[in-house]
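**Q** For the record, in the sequence shown the residue sitting at position 43 is 77 according to this note's numbering, with numbers rising by one throughout.
Got a structure here, written out as structure tokens. Questions coming.
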Amino acid sequence: QQKLPQLKRVDDIELPTKIGLGVDNEAIHLPPTVPHYVPQEMQAFLAKFIDEYYRLFDTRG
């Protein structure tokens, strides 16, 4: 039925009706994607964390 949605009967056996959602997929509009934002006060902390993480990760391998 996915390839032939109009098909209702196969070998004299009635196929179950297709159940769909009551939502029109064409009408859904997602908000525009925004670039990720890191607050200024977190940038130094995250840079230090990532540096230390990879330093430990690289020495254990």
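The beta-carbon is built from N, C-alpha and C at its ideal position, and this holds for glycine as well.
1. Can you tell me the Cα-Cα spacing of residue 68 and residue 42, whole angstroms?
2. Distance, Cα to Cα, residue 45 vs residue 66?
3. Residue 93 to residue 71, Cα distance in whole Å?
4. Distance, Cα to Cα, residue 75 vs residue 81?
**A** Answer, in terms of the structure:
1. 45 Å
2. 48 Å
3. 30 Å
4. 11 Å
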